[in-house]
Amino acid sequence: MNVELTKKPVPRLVDQLQYGLSAPICMTWELTYACNLECVHCLSSSGQRDPRELTTEEAKGVIDELAALKVFYVNVGGGEPLVRRDFFELLDYAIGKRVGVKFSTNGYLLDEAKAKRLAEMDYLDIQLSLDGADAATNDPIRGEGSYAAVLKAMDNLKAADFGPFKISVVATRHNVSQLDEFKALADSYGAQLRVTRLRPSGRGVDVYQELRPTQAQQREIYNWLMNQTDVLTGDSFFHLSALGESLPGLNMCGAGRVVCLIDPIGDVYACPFVIHDEFMAGNVRDDGGFAKVWKESELFLSLREPGAEGACNSCGAYDACKGGCMATKFFTGLPLDGPDPDCVKGYGDDALAAVDQASIPHSTQDHSKPQRVAITSARS
Amino acid sequence: MNSTAPHQLSSRIGLRPEPFGAMAYHFDTRRLVFLKTPALVDLVHSLESFDSVDQAVASAAAGDEHKATLLVAALSSLEEAGVICER
């Protein structure tokens with residue numbers, strides 16, 4: 524909710540936020556590139572740890588900075604954050620500094636003991652990733668056995684009386700028809716459902732075309748969300764607001780304005796979905812630390828400038844959709860000032876058809892595990 | 240709201256100054272509330288030095304009745320959001 528008080532006209536909040544804030548509202552911090560899973564759509568191409576990852580002391584230094592900047596909470600992810608041996612130490616440290624943590628996990632390492640420990644902490648949210656309402660839908664995306672593992676983690680959290688955790692679903696062509704089932708599952712655990720948009724980021728670039736919801740499914744997602752009162756979206760479907768009444772949220776791309784990412788090696792990107800040199804603003808190890816990157820980096824200052832003239836500017840829906848998601852456009856090879864590939868007016872299709880597939884950029888950090896090659900020995 | 244009672248910024252709130260005013264974060268409900276003018280931020284901070292909301296508002300409005308009405312309405316929604324509370 525917002526509280527407005529003035530006799531003079533004040534710019535709408537969304538217009539003020541375009542120019543950036545003194546610190547991010549919604550920041551993501553990927554703690555490690557190591558992961559026990561190899562999800563096909565991993566936005567950070569995670570798998571193996573990077574030897575340059577922030578040490579415990581460096582990570583505490585980042586928390587000190589976030590506390591000083593009054594970043595009230597941070598979304599922690601990875602990789603799989605529970606893989607880090609100092610995870611609980613960092614969690615305690617952040618919460619002690621009044622920097623709340625919402626961390627995303629695949630649940631494999633969330634056993635009964637950890638669930639009990641987490642349930643005792645204040646100011647902590649947990650988000651469990653699930654991409655299918657059954658193993659047959661989930662496991663091809665997230666890995667064999669991952670459905671059973673995340674349900675076990677939910678059971679552990681429930682048994683430990685953790686309270687309302689979140690179940691986070693990336694909407695794909697295969698699970699849009701299961702939205703009601705996800706909601707029922709969340710309700711059965713007293714959990715909150717979160718549904719977010721699939722982006723062609725990280726390894727997602729390789730599966731985007733086959734997994735992204737169809738135009739008809741986009742409308743289904745919009746209609747479904749409009750009928751819900753308690754489903755989170757991370758504001759990720761704002762491009763669908765052009766279908767009618769705006770979805771709840773700021774309905775704008777927050778990259779570099781209200782959103783940013785710190786990756787495991789301390790690089791700061793405009794948003795979690797653009798791990799690419801072109802959107803890297805600096806590193807928390809640089810002089811001046813994170814605060815200087817946020818306040819002074821050329822990239823972030825340029826993202827806070829009013830948008831350039833582009834193909835979308837003359838479209839009547841621009842005020843509703845703001846041209847869609849920057850990361851999605853970038854990793855599908857589309858111009859950033861043009862339509863989103865999932866533009867509800869259909870302008871994205873023509874634009875996509877004109878893209879030279881060979882020119883599509885890929886993330887500049889790839890920590891995927893090496894391909895396992897089956898070795899067979901032949902005896903003559 | 241009971242505007243005759245003394246109020247204060249809730250201890251469950253983090254308040255961060257911003258160019259437009261301030262951003263309040265409620266540590267329990269995890270909700271963000273935007274205080275869209277510096278005048279409102281000043282008023283919220285001043286609450287604890289007055290014996291009632293009415294006195295704080297009277298001081299801030301300086302005789303402007305329209306302004307006083309807006310201020311009370313704004314404080315009332317801040318109380319609903321748990322940003323301020325009786326002390």
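In order, the protein sequences belong to chains A and B. Going by my numbering, the first sequence opens with residue 524, and the numbers climb by one from there. Going by my numbering, the second sequence opens with residue 240, and the numbers climb by one from there. Glycine included, every Cβ here is placed at the ideal spot set by N, Cα and C.
Find the nearest neighbour of residue i within the set the options, judged by alpha-carbon distance.
i      : options                           : result
A:Y712 : A:K689, A:R722 and A:D729         : A:K689
A:L766 : A:L641, A:R621, A:Q894 and A:C866 : A:C866
A:A557 : A:L605, A:V537, A:V563 and A:L592 : A:L605
A:G601 : A:V728, A:Q571 and A:H799         : A:Q571
A:S764 : A:R742, A:G777 and A:I785         : A:R742
A:R827 : A:C783, A:T851, A:V807 and A:K868 : A:C783
A:S837 : A:A850, A:L824, A:T855 and A:Y870 : A:Y870
A:V859 : A:V728, A:R717, A:I618 and A:E801 : Per the sequence shown, the amino acid found at residue 859 of chain A is Leu instead of Val. Considering only alpha carbons, the answer is A:E801.
A:F685 : A:K639, A:D842 and A:G777         : A:K639
A:K706 : A:R696, A:K852, A:N750 and A:P723 : A:N750
A:Y542 : A:Q732, A:A843, A:F823 and A:A876 : A:F823
A:V622 : A:L613, A:T695, A:C844 and A:G846 : A:L613
A:A814 : A:P574, A:G584 and A:R575         : A:G584
A:S700 : A:C844, A:N774 and A:I744         : A:I744
A:E580 : A:F610, A:V594 and A:F595         : A:F610
A:W817 : A:S545, A:V537 and A:V718         : A:S545
B:V322 : B:R255, B:L248 and B:D303         : B:L248
A:G805 : A:G789, A:P795 and A:F796         : A:G789
A:C848 : A:E819, A:M677 and A:P723         : A:P723
A:D645 : B:P277, B:S298, B:L279 and B:R269 : B:R269
A:K681 : A:E643, A:D873 and A:P829         : A:E643
A:A876 : A:P771, A:C549, A:G846 and A:Q732 : A:Q732
A:D538 : A:V781, A:I785 and A:C835         : A:V781
Where residue i and residue j are concerned, what is the direct C-alpha to C-alpha distance, given to the nearest angstrom?
i      : j      : result
B:V296 : B:A307 : 6 Å
A:A793 : A:V692 : 23 Å
A:H890 : A:G811 : 28 Å
B:E185 : B:L310 : Residue 185 of chain B cannot be examined here, being either before or after the span of chain B that is shown, 240 to 326.
B:H246 : A:N698 : 49 Å
A:R720 : B:G260 : 32 Å
B:A244 : B:F266 : 24 Å
A:K530 : A:S886 : Bear in mind that a pLDDT of 40 at A:K530, under 50, signals an unreliable position, so the number given afterwards is only what the model happens to contain. Their Cα atoms are separated by approximately 48 Å.
A:K675 : A:L651 : 11 Å
A:L653 : A:Y670 : 7 Å
A:T551 : A:V597 : 6 Å
A:P893 : A:A850 : 26 Å
A:R808 : A:S569 : 22 Å
A:A840 : A:G861 : 13 Å
A:G655 : A:D710 : 16 Å
B:A312 : B:D293 : 12 Å
B:I252 : A:K620 : 14 Å
A:I908 : A:F853 : Because chain A in this structure spans residues 524 to 903, residue 908 of chain A falls outside the shown range and cannot be described.
A:I586 : B:A301 : 43 Å
A:L540 : B:A263 : 15 Å
A:E821 : A:A739 : 40 Å
A:R575 : B:L286 : 49 Å
A:P864 : A:H762 : 10 Å
A:G833 : A:D662 : 40 Å
A:G846 : A:L770 : 15 Å
Report yes if the C-beta distance between residue i and residue j is below 9 Å; otherwise report no.
i      : j      : result
B:K283 : B:L271 : The residue you asked about is not Lys; residue 283 of chain B is Val in the sequence shown. For B:V283 and B:L271, no; Cβs fall outside 9 Å.
A:P787 : A:T555 : yes
A:V563 : A:V730 : yes
A:D648 : A:N679 : no
A:Q715 : A:L755 : yes
A:Y631 : A:L560 : yes
A:Y627 : A:V599 : A small correction: the amino acid at residue 627 of chain A is Ser; Tyr does not occupy that position in the sequence shown. Cβ atoms of A:S627 and A:V599: closer than 9 Å.
A:F798 : A:G725 : Checking the displayed sequence, the identity of residue 798 of chain A turns out to be Ile instead of Phe. The answer is yes: Cβ separation under 9 Å.
A:E603 : A:N629 : yes
A:D758 : A:G777 : yes
A:Q880 : A:G856 : yes
B:M240 : B:E304 : no
A:L641 : A:A582 : no
B:R255 : A:F796 : no
Along the alpha helix (DSSP H) that carries residue i, what are the first and last residues, could you check?
i      : result
B:A263 : First-last for B:A263: G260 to H265, but that is the beta strand (DSSP E), not the alpha helix (DSSP H).
A:I690 : It is not in any alpha helix (DSSP H) - A:I690 instead sits in the beta strand (DSSP E) that spans K689 to A694.
B:K306 : E304 to E319
What residue range does the beta strand (DSSP E) around residue i cover?
i      : result
B:E325 : I323 to E325
A:C844 : First-last for A:C844: Y841 to C844, but that is the alpha helix (DSSP H), not the beta strand (DSSP E).
A:Q650 : L647 to S652
A:N598 : Y596 to G600
A:E553 : C549 to E553
Output needed in chain order: residues of the segment 733-744 of chain A with a Cβ under 9 Å from some Cβ in chain B. none
Residues, ordered as in the chain, of the segment 257-273 of chain B that lie near chain A by beta-carbon distance below 8 Å: E257, P258, F259, M262, Y264, F266, R269, R270, L271, V272 and F273
Any C-beta of chain A within less than 9 Å: which residues of the segment 241-257 of chain B qualify? G253, L254, R255, P256 and E257
Interface positions of the segment 640-665 of chain A facing chain B (Cβ-Cβ less than 7 Å), listed along the chain: Y646
Taking Cβ-Cβ distances below 7 Å as the criterion, which residues of the segment 682-697 of chain A are in contact with chain B? none
Cβ-based contacts, 9 Å cut-off: residues of the segment 541-552 of chain A near chain B: Y542, G543, L544, S545, A546 and I548
Between the segment 602-621 of chain A and chain B, which residues of the former have a C-beta closer than 9 Å to a C-beta of the latter? R621
Of the residues that make up the segment 568-602 of chain A, which ones have a beta carbon closer than 9 Å to any beta carbon in chain B? L592, K593, V594, F595 and Y596
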